[in-house]
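Visitor: Sharing a structure below in structure tokens format, with a few things to ask.
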Amino acid sequence: MRTFITSSSRTLVFISALLTLVACDDRSVAPLDGQRGVPDYGDMAGTYEGTVQGPGGTAIQVGEAALTVDQTGDSISGDMIVAAQFTEGADTFSLVFESTYTGVVKLEGYPSVVLLLENPVCGGTTEFSGLYTAEHSALTLVGDYVLREDDGCETVTTLDLTVFVRKSLE
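If you use this note's numbering, the sequence shown corresponds to residues 1012 to 1181, in order.
Rendered as structure tokens:
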């Protein structure tokens, strides 16, 4: 019994072009976590401590910030605590809050981070976004926090906040 393999020139051109594309593809591929198929950001889980700055970032407008991070693949969640005092014109605002958040990490150069904080006063959500640097175990996040009165939910002011935190040694 004889076996014949037939091929057309069109098929050979298609296969040849496909092999050329595959061989010349020099895009870098992000490392994947073998179990979940998501980019590997390292172990972000832990407690982070640092500072928060208000509009202008001057020395008198610096406060303290802390963040807990629980991580599952590219999803993170936890609590953010901010305690600071800011001066805007003749007014001084004290900002103290603890808020839970959910978030996501995306690999873009340094991993970018987006956190959605639940506003503890009068509800709503505040978005903070920024970068995570694995080599320093640090987060830099920026967001507009709406400061509201405890009774009546009137907006007092919107503060442009920058949070700088590093993972605590445990």
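Note that the Cβ used here is the ideal one computed from N, Cα and C, for glycine as well.
Do you know how far the Cα of Met-1055 is from the Cα of Cys-1164?
Guide: On the sequence shown, residue 1164 is found 153 positions in, with the first residue counted as 1. On the sequence shown, residue 1055 is found 44 positions in, with the first residue counted as 1. Using only the alpha carbons, I get a separation of about 35 Å.
Visitor: Can you find the residues in the same chain that come closer than 6 Å, C-beta to C-beta, to Leu-1078, ignoring five residues on each side of it along the sequence?
Guide: What you label residue 1078 is simply residue 67 of the sequence shown in a count that begins at 1. The answer, listed in chain order, is Tyr-1059, Met-1091 and Val-1176.
Visitor: Thinking C-alpha only, which one of Glu-1075, Ser-1088, Tyr-1112 and Glu-1129 is nearest Ala-1095?
Guide: Counting from 1 along the sequence shown, the entry for residue 1095 is found at position 84. The shortest C-alpha separation from Ala-1095 is found at Glu-1075.
Visitor: Go through its chain and collect everything with a Cβ distance to Asp-1162's Cβ below 6 Å, but skip five positions before and after it.
Guide: Counting from 1 along the sequence shown, the entry for residue 1162 is found at position 151. If we look at Asp-1162 and ignore the five residues flanking it on each side, it has no Cβ neighbours.
Visitor: Just to confirm my understanding: we take Gly-1114, look at its own chain, exclude 5 residues before and 5 after, and list those with CB closer than 8 Å. What are they?
Guide: Position 103 of the sequence shown, counting from 1, holds the residue named residue 1114. The answer, listed in chain order, is Ser-1086, Ile-1087, Ser-1088, Val-1124, Val-1125, Leu-1126 and Leu-1127.
Visitor: Does the separation of the CB atoms of Gly-1053 and Ala-1145 fall below 7 Å?
Guide: Indexing the sequence shown from 1 puts residue 1053 at position 42. Indexing the sequence shown from 1 puts residue 1145 at position 134. In this structure, Ala-1145 lies closer than 7 Å to Gly-1053 by Cβ.
Visitor: To the nearest angstrom, how far is it from the Cα of Tyr-1143 to the Cα of Thr-1062?
Guide: Within the sequence shown, numbered from 1, the residue matching residue 1143 stands at position 132. Within the sequence shown, numbered from 1, the residue matching residue 1062 stands at position 51. Approximately 15 Å between the Cα atoms of the pair.
Visitor: Buried or exposed: Val-1174, going by 16 or more other Cβ atoms within 10 Å of its Cβ?
Guide: In the sequence shown, the residue the question calls residue 1174 occupies position 163. With 16 or more other Cβ atoms within 10 Å, it is buried.
Visitor: When you compare each of Pro-1122, Asp-1155 and Asp-1102 to His-1147 by their alpha carbons, which one comes out closest?
Guide: By one-based count along the sequence shown, residue 1147 stands at place 136. The candidate whose alpha carbon is nearest that of His-1147 is Pro-1122.
Visitor: Quick one: give me the first and last residue of the beta strand (DSSP E) that Ser-1179 is part of.
Guide: Along the sequence shown, read from residue 1 onward, the residue named residue 1179 stands at position 168. Counting along the chain, Ser-1179 falls outside any beta strand (DSSP E), and DSSP gives it neither H nor E.
Visitor: Going by C-alpha to C-alpha distance, which of Tyr-1156, Phe-1139, Gln-1082 and Thr-1083 sits closest to Tyr-1104?
Guide: Taking the sequence shown and counting its residues from 1, the one referred to as residue 1104 is at position 93. Before going on, a small fix: residue 1104 reads as Phe here, not Tyr. Comparing Cα-Cα distances from Phe-1104 to each of Tyr-1156, Phe-1139, Gln-1082 and Thr-1083, the minimum goes to Tyr-1156.
Visitor: Taking C-alpha atoms, which residue in Gly-1065, Thr-1151, Val-1153 and Gly-1057 lies nearest to Leu-1106?
Guide: Within the sequence shown, the letter at position 95 stands for residue 1106. For Leu-1106, the nearest C-alpha among the options comes from Gly-1065.
Visitor: On the DSSP bridge list, what partners appear for Pro-1131?
Guide: Mapped onto the sequence shown, residue 1131 falls at position 120. Paired residues: none, contrary to the question.
Visitor: Can you name, in chain order, every residue of its own chain whose Cβ lies under 6 Å from the Cβ of Ser-1110, other than the five neighbours on each side?
Guide: As a first step, residue 1110 must be located in the sequence shown, where it is residue number 99. Closer than 6 Å at the Cβ level, and outside the excluded window around Ser-1110, lie Met-1091, Leu-1128, Glu-1129 and Pro-1131.
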